[in-house]
Structures are given as structure tokens and as C-alpha cells.
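A.B. asks:
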DNA sequence: CTCGTGACGGTAT
DNA sequence: TATACCGCCACGA
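In the numbering used here, the protein residues as written are 8 to 111.
1. Is residue 88 closer than 8 angstroms to residue 20 when the C-beta atoms are compared?
2. Are there 16 or more other CB atoms within 10 angstroms of the CB of residue 79, so buried, or fewer, so exposed?
3. Write down every uninterrupted run of the alpha helix (DSSP H) in the region 60-111 whose length is 4 residues or greater and which is fully enclosed by it, in chain order.
4. For the alpha helix (DSSP H) that residue 20 lies in, which residues bound it at each end?
5. Among 57, 66, 46, 77, whose alpha-carbon lies nearest the alpha-carbon of residue 13?
6. So, using beta-carbon positions, are residue 66 and residue 30 closer together than 8 angstroms?
7. Report the partner residues of residue 29 according to the DSSP bridge assignment.
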């Protein structure tokens, strides 16, 4: 078992169900790094594609995609989420009340 | 071993 | 409400 910090984070992200999203802070907390939201971002930044992780289901605490609006990655992530049924408000925000993953 | 870098978050202004 | 700044830590060169 790979148990590095990043691997731990990937493990949590992998558990996010289709149709739901989670915030960086939430993932950090679940992974055992309370308050270390940045680590989650760093981990996903260096995420190997072959790991098959639903990285697009991770957004920031404001319910928005963390990529710069207008970037190709921003649009890519948004399309992936919409395909899973996630709805965006006109301002590009996701209603966390409705779509945030409630981990047990 | 040292240094720079990076998908955030909360608080202050 | 928007913008600015600081703190946190792992990983690769």
C-alpha cells in the first residue's frame, strides 16, 4: 500500500461519488490533514493520469472551479461535471448545499 | 541537503 | 462584496 500523503489524498478523492463534489478543505480533513487544503491542490496538480482519479469533483470552498476562468482546463472540468449532472449557476458556481458530498 | 513551486483557505483591510 | 496577504507542507530539481 502506498501511504504517502498524496496517495492518501488520492484515496479520498477516488471515493467521491458521481454527481457529487467535495471541497479541497473537506478532502484534506478526511485525509487526515485538517487545515491543509493546499496539500490537496498540490497533490492533484501532480496527479498521474493513469491513476483514474475523479479529480474534477474537487472544487474550492466557494463552490467554484479552481482553475482560471477561460482556461482550457476550466472548461474541461466544467463539462465533466455537467455531464455528471452537476449544475452551475450563471456566475459559474456550484450549489454546495445541493451537490457537496456528505462523507460518512 | 537547499530552494522554489503550487488545483487553497481564512482573516484583515 | 472585492482584494490582499500570510500560513501550511510535500515533492521535484
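Virtual Cβ for every residue (Gly too), placed ideally from N, Cα, C.
C.D. replies: Considering the structure as presented:
1. Here residue 20 is taken as the residue at index 13 of the first chain, counted from 1. Here residue 88 is taken as the residue at index 81 of the first chain, counted from 1. No.
2. In the first chain, residue 79 corresponds to position 72, counting from 1. It is exposed - the Cβ of residue 79 has fewer than 16 other Cβ atoms within 10 Å.
3. 79-90, 103-106
4. Stepping through the first chain from its first residue, residue 20 is reached at position 13. Element bounds for residue 20: 12-21.
5. Taking the first chain and counting its residues from 1, one reaches residue 13 at position 6. Residue 13 has its Cα closest to that of 46, out of 57, 66, 46, 77.
6. Numbered from its first residue, the first chain carries residue 66 at position 59. Numbered from its first residue, the first chain carries residue 30 at position 23. For residue 66 and residue 30, yes; Cβs fall inside 8 angstroms.
7. Along the first chain, read from residue 1 onward, the residue named residue 29 stands at position 22. Residue 29 pairs with 65.
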